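Straight run, no breaks: the sequence shown in our numbering ends on number 505.
The structure appears below as structure tokens.
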Amino acid sequence: MLRRMPYYYHILKDQIQLTDLCIKEKEIQRKQSSRFAGQFLRLGVDGGQGCSGFKYQFNFDKTLSEEDHVLLNNDQPLFAVDEITLRFVQGCVVDYEDKMIRAAFYVFQIEIFRKVQENPNAEKSCSCKVSFSPKEGLI
């Protein structure tokens, strides 16, 4: 069961989007394993990790804090990021990819012309879609 904290969190509107595949996979994993029951997907950024300097961290969580920005589905938390992470991933889309080499959640941004581009807050990104270097001024 999701533990609600005694304070309010922020609601994500257009800052980050989840693809339908990401939402579907999150629900499949939650239903297939009792350890994910009542949990939401959390995205974090870990500095000093990965081949580009910062690494995306996806986890299932059940605790919200007042610094969290939350995407709701039927009034239940579906996805959350903290205030610091939001600075690094604002404008991104979170998707799920299932390929022979790996199956994982990842971050990208869709441009107007349907060109897939990495995180708009990244100076450079790794081709593995797991790590990035933030633009000047974000750190």
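Each residue gets a CB set at the ideal place from its N, CA and C atoms; glycine is no exception.
Bear in mind that the values here come from a model prediction, so they are computed numbers and not experimental data.
Supposed close pair residue i, residue j - CB separation, criterion 8 Å
i, j, result
"I389", "L444", "7 Å"
"V455", "V411", "7 Å"
With 16 other Cβ atoms within 10 Å as the buried cut-off, status of residue i
i, result
"P500", "buried"
"I478", "Residue placement at I478 is poorly supported in this model, since its pLDDT is 31, which falls under 50; the coordinates are not used for a value here."
"E449", "exposed"
"S340", "The chain is shown from 367 up to 505; residue 340 falls before or after that span and cannot be answered."
"S431", "exposed"
Residue i versus the options, residue with shortest Cα-Cα distance
i, options, result
"E463", "Q456, V473 and V455", "V473"
"I394", "L407, Q383 and V436", "L407"
"R401", "L384, N425, S491 and G413", "N425"
"L504", "N440, F420, F471 and Q415", "F420"
"A470", "V447, Q423 and N440", "Q423"
"H376", "H435, A446, Q405 and K465", "H435"
"A403", "D427, T451, L409 and I382", "D427"
Cross-strand partners of residue i (DSSP beta bridge)
i, result
"Y462", "F471"
"P486", "Bridge partners of P486: none, in fact."
Counting only runs of 4+ residues fully inside the region 378-458, write out the alpha helix (DSSP H) ranges in chain order. 386-398 and 449-455
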